[in-house]
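So the sequence shown is residues 2 to 192, counted in our numbering.
Every residue gets a Cβ at the ideal spot worked out from N, C-alpha and C, and that includes glycine.
Everything numeric in this text was worked out from a predicted model, so none of it was measured.
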Amino acid sequence: MFSEEQPSGKRYTVGPAALQLMRNFHTFSPLSEGVRPVLKRLQDQTGEMSAYMVPVGFNALCVEMVDSPYALRCSYQQGQSQPLILGASSKVILAQFNEKRLLSTLTHFGIADEHEKAKWFNELRCIKKEGYALSTSEFDLGVSSVSAPVFLNKKVVGAISVMAPTERINNKKNSIVFAVLQAARMLPPEW
């Protein structure tokens, strides 16, 4: 059962068969097969959690990740999503959108004031120019992220990210940025 009616009869929720869909995606998806080795290499290089996020509607969805070996680490999970306006992975994707899609996304999140939109356009222009985004405590307090866009045929298809406690990101920022940019260039493999 992919969906089930709640006892109140007023709404439906995801049913247990959705777990099988997730397992099948993880096991058989060429995307997972191609991305996982790159994420593992990135995790080995940085010692931190690495993740691959894709835009889905107005969110960025984590479709693959490799966890950090540290006890103190980011608690992000595969299948988790975040709004496209929060966090480095979201912003690095958002920075690649055309103006129409960008305005639609900002409007969706209630950003309509011209001054606010100008601030967003400026921040995203800087992210696009730098080729990566860095965020701190935007999605989870005390967690920082470094992300770079992944392109297929010159179109953004996702973001590769390293997420960790802020202190550890700050201590090795340059090497993490380099590793993330390098990993983004390795994707997408032939999926």
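With a beta-carbon spacing of about 13 Å, Ala165 and Ser90 fall beyond the 8 Å limit used to define contacts. Inter-residue distance for Ser148 and Lys92 is about 9 Å (C-alpha atoms, whole angstroms). Ile94 has its alpha-carbon roughly 8 Å from the corresponding atom of Val151. Contact annotation: Ala180 and Gln46 have beta-carbon atoms nearer than 8 Å. Sorting Gly88, Pro38, Glu34 by C-alpha distance to the C-alpha of Tyr133 places Gly88 at the top. With a cut-off of 8 Å on Cβ pairs, the region 108–125 is not in contact with the region 169–180, counting fewer than three such pairs. If one requires a minimum length of 4 residues, the alpha helix (DSSP H) runs lying completely within the region 92–145 are 100–109, 115–131, in chain order. Between the alpha carbons of Lys101 and Ala72 lies a gap of roughly 43 Å.
Looking at the DSSP output, Ile177 sits in no beta bridge, so it has no partner there. A Cβ-Cβ contact shorter than 8 Å links Ser162 with Ser51. In the structure shown, Lys156 falls within a strand segment according to DSSP collapsed to helix, strand and coil.
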